[in-house]
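Residue 144 in the working numbering is what sits at position 103 of the sequence shown, and the numbering runs on without skipping anything.
From the three backbone atoms N, C-alpha and C, an ideal C-beta is built for every residue, glycine too.
Notes for the one structure printed next.
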Amino acid sequence: MDRGGLLLEPPVGQAGGGRIAVVGANSAVGAALLAQVRDDDAPDTVAVVRRPEVLAGLPQSPRITPRVVDYGRSDRLAEAFAGADAVVHLAGILFESRTSDYRSGNVEVTRAVVEAARAAGARHVVFISSLGADPRSRNGYFRSKGEAERIVADSGLGATIIRTPLLLGPGTAGGRALLAAASGPSARVLGGGAHRLRPLDVDDLCRTILGCCEQPAAGVRTCDLVGPETLTHRELIERAADRLDREVRIRSTPVWLARLAAGLAGLVRAGGLTAAVIDVITSDETVERNADGELGITLTPLSDTLARLCQTRPK
Ligand SMILES: NC(=O)c1ccc[n+]([C@@H]2O[C@H](COP(=O)([O-])OP(=O)(O)OC[C@H]3O[C@@H](n4cnc5c(N)ncnc54)[C@H](OP(=O)(O)O)[C@@H]3O)[C@@H](O)[C@H]2O)c1
Numbered sequence: 042m043d044r045g046g047l048l049l050e051p052p053v054g055q056a057g058g059g060r061i062a063v064v065g066a067n068s069a070v071g072a073a074l075l076a077q078v079r080d081d082d083a084p085d086t087v088a089v090v091r092r093p094e095v096l097a098g099l100p101q102s103p104r105i106t107p108r109v110v111d112y113g114r115s116d117r118l119a120e121a122f123a124g125a126d127a128v129v130h131l132a133g134i135l136f137e138s139r140t141s142d143y144r145s146g147n148v149e150v151t152r153a154v155v156e157a158a159r160a161a162g163a164r165h166v167v168f169i170s171s172l173g174a175d176p177r178s179r180n181g182y183f184r185s186k187g188e189a190e191r192i193v194a195d196s197g198l199g200a201t202i203i204r205t206p207l208l209l210g211p212g213t214a215g216g217r218a219l220l221a222a223a224s225g226p227s228a229r230v231l232g233g234g235a236h237r238l239r240p241l242d243v244d245d246l247c248r249t250i251l252g253c254c255e256q257p258a259a260g261v262r263t264c265d266l267v268g269p270e271t272l273t274h275r276e277l278i279e280r281a282a283d284r285l286d287r288e289v290r291i292r293s294t295p296v297w298l299a300r301l302a303a304g305l306a307g308l309v310r311a312g313g314l315t316a317a318v319i320d321v322i323t324s325d326e327t328v329e330r331n332a333d334g335e336l337g338i339t340l341t342p343l344s345d346t347l348a349r350l351c352q353t354r355p356k
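Okay, structure coming up:
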């Protein structure tokens, strides 16, 4: 044992000691979730990461027990999950790389997490998916998220699958990109930023996840949780710029041109900004029904989310 009770891969049979286990605890959502566990009256939580070097960046609390586990080892994951009623699965990728593709990063890791949750006797898996997830999609990202959802739904465990839009918060990729775009004199956006978004405050998502973990799952529930306002990407940048007291000139890169450039770049490198990613980030975020009421969450107004985000911008 070292560093605040950290155990690296505990021996078989040793209890994880938490009532929630979070896989991908160093993700943006994971960090926000652990901050709520630290600050609020939340249950003990096992924070599972796959690299020891990220441990120092995790929120620290006596209620949080970090574990380093190879996500490919469902037996090791099961050891980390021991004693947890709920497993929250946050590990996943949008950008593929030379070492990580949608199959390994989104599908296989989900298979291992679910297998481990079952072996550990967890009663509830909470899986963060994406709007547009569909196992029949022609888009590799949406297909992989759809396949991951199916693995969770077919696991025999109680499950809540939450499909999310662009997540906004100081630590999220979307939050950082928005601040960068709104801070400069001009911002270049795909398709003029005409696609419609339903940005969700990452703290709202985390409160929802913790709320789900407190209840035993009644079967499998799949729902869309989006933010309170619909607006275009362009309008979102303008709203953030307004908050920062700046004027931003929006410039457009045609989507077809970006796809062509991504196709050419794909000839010399794997992953990065591929056509699949471009299609995901320029998709309209539309839902038939927002699950905020069903999940018992009061959504933060977008203006408050933007105000908090803009406060974190370095002066
Ligand atoms: N952020 C959004 O706007 C958004 C929107 C819709 C859905 N989601 C989903 O919500 C979840 C959390 O998102 P996030 O933005 O908080 O994630 P994030 O900050 O990008 O973190 C990704 C997490 O996945 C892990 N990971 C990356 N590649 C992996 C691989 N090949 N195998 C196993 N684990 C891998 C990372 O671990 P390492 O650091 O060790 O690589 C990290 O813990 C993800 O499943 C994401 O797809 C996010």
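**Asked** Where do the ends of the beta strand (DSSP E) carrying F168 lie?
**Response** Run containing F168: 165-171, per the beta strand (DSSP E) assignment.
**Span of the beta strand (DSSP E), counted from its first residue to its last, around G181** = Judged by DSSP secondary structure, G181 falls outside any beta strand (DSSP E) and instead within the alpha helix (DSSP H) spanning 181-194.
**Asked** Using a Cβ-Cβ cut-off of 6 Å (strictly less than) and excluding sequence neighbours within five positions of A311, which residues of its own chain qualify?
**Response** These residues qualify, in order along the chain: R139.
**Message:** Please return the same chain residues whose Cβ sits closer than 7 Å to the Cβ of A223, not counting the five positions on each side in sequence.
**Reply:** Taken in chain order, the residues that qualify are I278, A281, A282, L285, R287, V289.
**DSSP state of T106 mapped onto helix, strand, coil** = Correct three-state label for T106: strand.
**Asked** Beta-carbon separation of N67 and V110 under 8 Å?
**Response** No; because the gap between Cβ atoms is not below 8 Å, this pair is not in contact.
**Message:** Output needed for L336: all residues of its chain with C-beta closer than 6 Å, excluding positions within five of it in sequence on either side, in chain order.
**Reply:** Scanning its chain for C-beta atoms nearer than 6 Å, with the 5 sequence neighbours on each side dropped, one finds around L336 the residues T249, in chain order.
**Message:** ligand 3 and L208: does the residue's C-beta get closer than 7 Å to at least one heavy atom of that ligand?
**Reply:** By its list of ligands, the structure shown excludes ligand 3, since it contains just ligand 1.
**Message:** Helix, strand or coil, according to DSSP, for H274 in the structure here?
**Reply:** Three-state result, H274: helix.
**Item:** Classification of L350 by the beta-carbon crowding that lies within 10 angstroms, buried from 16 upward
**Value:** Looking at its Cβ environment, which holds 16 or more other Cβ atoms inside 10 Å, L350 is buried.
**Request:** Assign A221 to one of two classes, buried (16 or more other C-beta atoms within 10 Å of its C-beta) or exposed (fewer than that).
**Result:** Within a 10 Å sphere around the beta-carbon of A221 sit fewer than 16 other beta-carbons, which makes this residue exposed.
**Message:** According to DSSP, is L219 part of a helix, a strand, or is it coil?
**Reply:** Three-state result, L219: helix.
**Prompt:** Among the residues of its own chain, which have a CB less than 8 Å from the CB of V193, if the five just before and after it don't count?
**Reply:** Excluding sequence neighbours, V193 sits near H130, T151, V155, V166, F168, A200, I202, V261.
**Asked** Pick from L298, G65, P240: whose alpha carbon is nearest that of L231?
**Response** Checking every option, the nearest Cα to that of L231 belongs to L298.
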